[in-house]
Each structure stands twice: as C-alpha cells, then as structure tokens.
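J.: With positions in the sequence shown counted from 1, the corresponding number in the numbering used here is that position plus 1348.
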Amino acid sequence: MEENNTASWKNIKEVSKSGRSIAFTAFLVRIFPHRVLVALTRFVSLFYWAFTKWARNYSYIYQKNLIDFSKNLPDYLKGADISKLPARPNTYRHIASFSTCLVEKIEGWTGKSSMDFIEFANGKVGNTGLVANNEEVRSLLKSKKGCMLICSHLGNIELFRSILSFGTEDFNRQIPVTIIMDQKVTQNFNKLIGNLNENAKMNVIASDDISMATIGIMQDTIDQGGLVVISGDRVPATNTSRSLEVSFLGKPAKIPYGPFLIAALLNCPTFFIFSMRKQQKGFDPTYIVNLIKSKITFDGGRKEREEKIRELAKDYMKIIEEFCLKYPYQWYNYFDFWS
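(1) Return the chain-ordered list of same chain residues with a C-beta closer than 7 Å to the C-beta of T1354, the five sequence neighbours on each side being excluded.
(2) Could you give the first and the last residue of the continuous beta strand (DSSP E) run that contains I1443?
(3) Mind checking K1365: buried by the 16 CB within 10 Å criterion, or exposed?
(4) What does the alpha-carbon distance come out to for the pair N1352 and W1402?
(5) Relative to the C-alpha of K1602, which candidate in L1614, R1658 and I1644 has its C-alpha closest?
(6) Across which residues does DSSP place V1552 in a beta bridge pair?
(7) Suppose only complete runs of 4+ residues qualify. What are the alpha helix (DSSP H) ranges in the region 1557-1596, listed by chain order?
(8) Check R1625 in the structure and name its three-state DSSP category.
(9) If you reduce the DSSP assignment to three classes, tell me which class A1435 lands in.
(10) At the level of alpha carbons, what is the spacing between V1525 and G1503?
(11) Measuring only the C-alpha atoms, how far is Q1567 from K1492?
(12) Using DSSP's beta-bridge definition, name the partner residues of I1603.
(13) In whole angstroms, what is the alpha-carbon distance linking K1662 and Q1411?
(14) Would you report the Cα separation of S1462 and K1641, rounded to the nearest angstrom?
(15) Hey, could you find the ends of the alpha helix (DSSP H) F1399 is sitting in?
(16) What residue from K1666, D1632, D1581 and I1454 has the CA that sits closest to F1372's CA?
(17) Rounded to a whole number of angstroms, what is the C-alpha to C-alpha distance between I1565 and S1579?
(18) Secondary structure at F1683, three-state DSSP: helix, strand or coil?
(19) Would you tell me roughly how many angstroms separate the C-alpha atoms of R1436 and S1559, rounded to the nearest one?
(20) Using the Cβ count rule (16 or more neighbours within 10 Å means buried), how would you classify F1395?
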C-alpha cells in the first residue's frame, strides 16, 4: 500500500464524489423490494472491490489486526463471541456489508423501515461491567427527559435515527434529535437524505462548529426530552489537535476529545449506542440496538473531570472491540485507524 495515499481519512469520501450515483441508489430503493436491493448490492460490491484498491487495503489492515487481537484477548473480552470472525481477512464481504448498510440507511430515510425491524438487546456486555438496557432510555423519553447517545461508525446508527425522525407510537410524540456530525465528509449523502426526509435537515450541528452557543442548543434538546447524538470514533476533518489516545485491538489509536467533553458539559444520562445488523450476509433487515448506559458521572473538579473523560472513552472503545469481534464486517472506518 502506498504511504502517500493513506495519510488521512479526511481526503476520502464515504460515498461517491458525485451525487448522481447516490441519487440513483435512492431511486432503486424506492422501486425495488428489499431482497432485490440486497442482491444488487452483492453484484455492485464485486466491481467496487475489484477496482477500489484503497478500500481493500484498509479493510485488510482492520481485519488482520482484529484476527491477531482475537488470539490473545484481554480479560474484559474473555468469552467474547468470535464465532463469526473469519480465519483470514475477507475484504469483499466487508465491502458488501458496507453497501448493504448504505442501502438500508436510505430505506430508513424513505420510510420503508420501521420499528418492526428493530430489536433491543438487554444484558451484560461481555466482561466490561456495562449493561445494555433499552428500557431505561424508553423511560427517560416517555417522561420527556433527554439523554446523550455516543455512537460510532460500527453498524448502522443512521437507521435508528431515521426511524425516530418519523416519530413513534411508543412515545406518542416526535423525539427531538440533535446530531453532531462531520458534514463535509459526507456532504452528497447528507444532501440526498435531506431531500428524502425534511426532518433529516433539522438540528444538525457541524462537528467543526462546536461553541458555547451550540452547546446551548444541545442543552435545549436535552431539556425538551430529546436525544443528542454524536459519533466518538473519528477526529473531525478540520481539527486534529484535540484527541485522546486509546487502545483499539491492542494498538494505540486516536479518537476525538470533543464528544466526551460534551458528555461532561451536558452532565446528563449518557449511553453508548450500537445498531448492529442481525444477519451478516442474509436478506433479513433486522437490527439489534444496544443501548448501554455509562457508569461515569461528572462531578468534582476539572482534574477529576479530565480523568472521567478518559474513563468514558476507554469504556467506549472496550464495547467497540466487543462488537467488532461479534460483527467483524460492520466496522465502516475505511482508513488506517492506527496511523
């Protein structure tokens, strides 16, 4: 792999530079049933795999590190489910999984998906000491109390967000959602989604536009009984100065400082959320949503706050490792995470 082509994910779009291919995908989503769409993604992914060397390279790096890591797991991952872990990297399956995820994101925003395709996990998350419990989030939202959700580019959190944008009978109201995201990296996709669903345009804050004013917007969302959602696994494209060094798959890596600082500033119930496709290569579009409450509370002085921010980030990465082992093809960071 050429070093000068792997310097940073910031120069790589998650989707085509042209919005035409995305718009065409949305057109297909509207006219074809889900099974046909998934079959088409398998075929298209083969061409993408064949002609996109950088995607194959980054997929290989991630899977190789994951497989090596699985051979000597730390105590907090002893007993982790590694039944779906390949014996050697399979870059085509990884790329095909991403293609399916993209189609199912669009299905969510067009209203083709519903809560019928969502299952909620409950119980311990490995040996991390953390527990998945969706009922606590439901209870908060039903009582119009808000919380913060820290997500990642593992699985398909976009699907869960899109379903919430239509409102649910369960809560008898539309849940206010403020999402913080790097809009520059996926601008074509974001534009399309905004055209498909006007609610997708609302309450989106650019990750490079965080200020006391935008913190105030997030606090208003919490006060209205809504959700503040932010990804914690990518340093923003325009800011690499504030980052945290963490361990990921046994190697040092950097993640953004901002999401964990925001959790400290909002000081509200904080959950890690992961929406994982139940079948790795089947047609069933069901996703398992894991809502895992953080045990960290931000009380005390500045020094103690910094320590707790690092603890929060550490717990976050432990869960990501757990789910990467269980769902090895649903990690959608196509860059060298350790560089």
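Backbone N, C-alpha and C fix where the C-beta goes; we use that ideal spot for every residue, glycine too. Remember, predicted model here, so these are calculated numbers, not experimental data.
T.: Put simply:
(1) Residue confidence for T1354 is low, a pLDDT of 41 falling below 50, so the modelled location carries little weight and cannot support an answer.
(2) I1443 -> not in any beta strand (DSSP E); alpha helix (DSSP H) instead, spanning T1439 to T1458.
(3) Note that K1365 scores 49 on pLDDT, short of 50, meaning its location in the model is unreliable; the coordinates nonetheless yield the value given after this. The residue is exposed, with fewer than 16 neighbouring Cβ atoms inside 10 Å.
(4) With a pLDDT of 38 at N1352, under the threshold of 50, the predicted position of this residue should be treated as unreliable, and no value is reported.
(5) Closest in C-alpha terms to K1602, from the list L1614, R1658 and I1644, comes R1658.
(6) The partner list for V1552 (beta bridge, DSSP) reads I1527.
(7) You should have 1560-1571.
(8) strand
(9) coil
(10) 19 Å
(11) 14 Å
(12) L1592.
(13) Going by the C-alpha atoms only, they are around 21 Å apart.
(14) 24 Å
(15) H1382 to F1399
(16) I1454
(17) The straight-line gap separating the alpha-carbon atoms of I1565 and S1579 is approximately 17 Å.
(18) coil
(19) 45 Å
(20) Classification for F1395: exposed.
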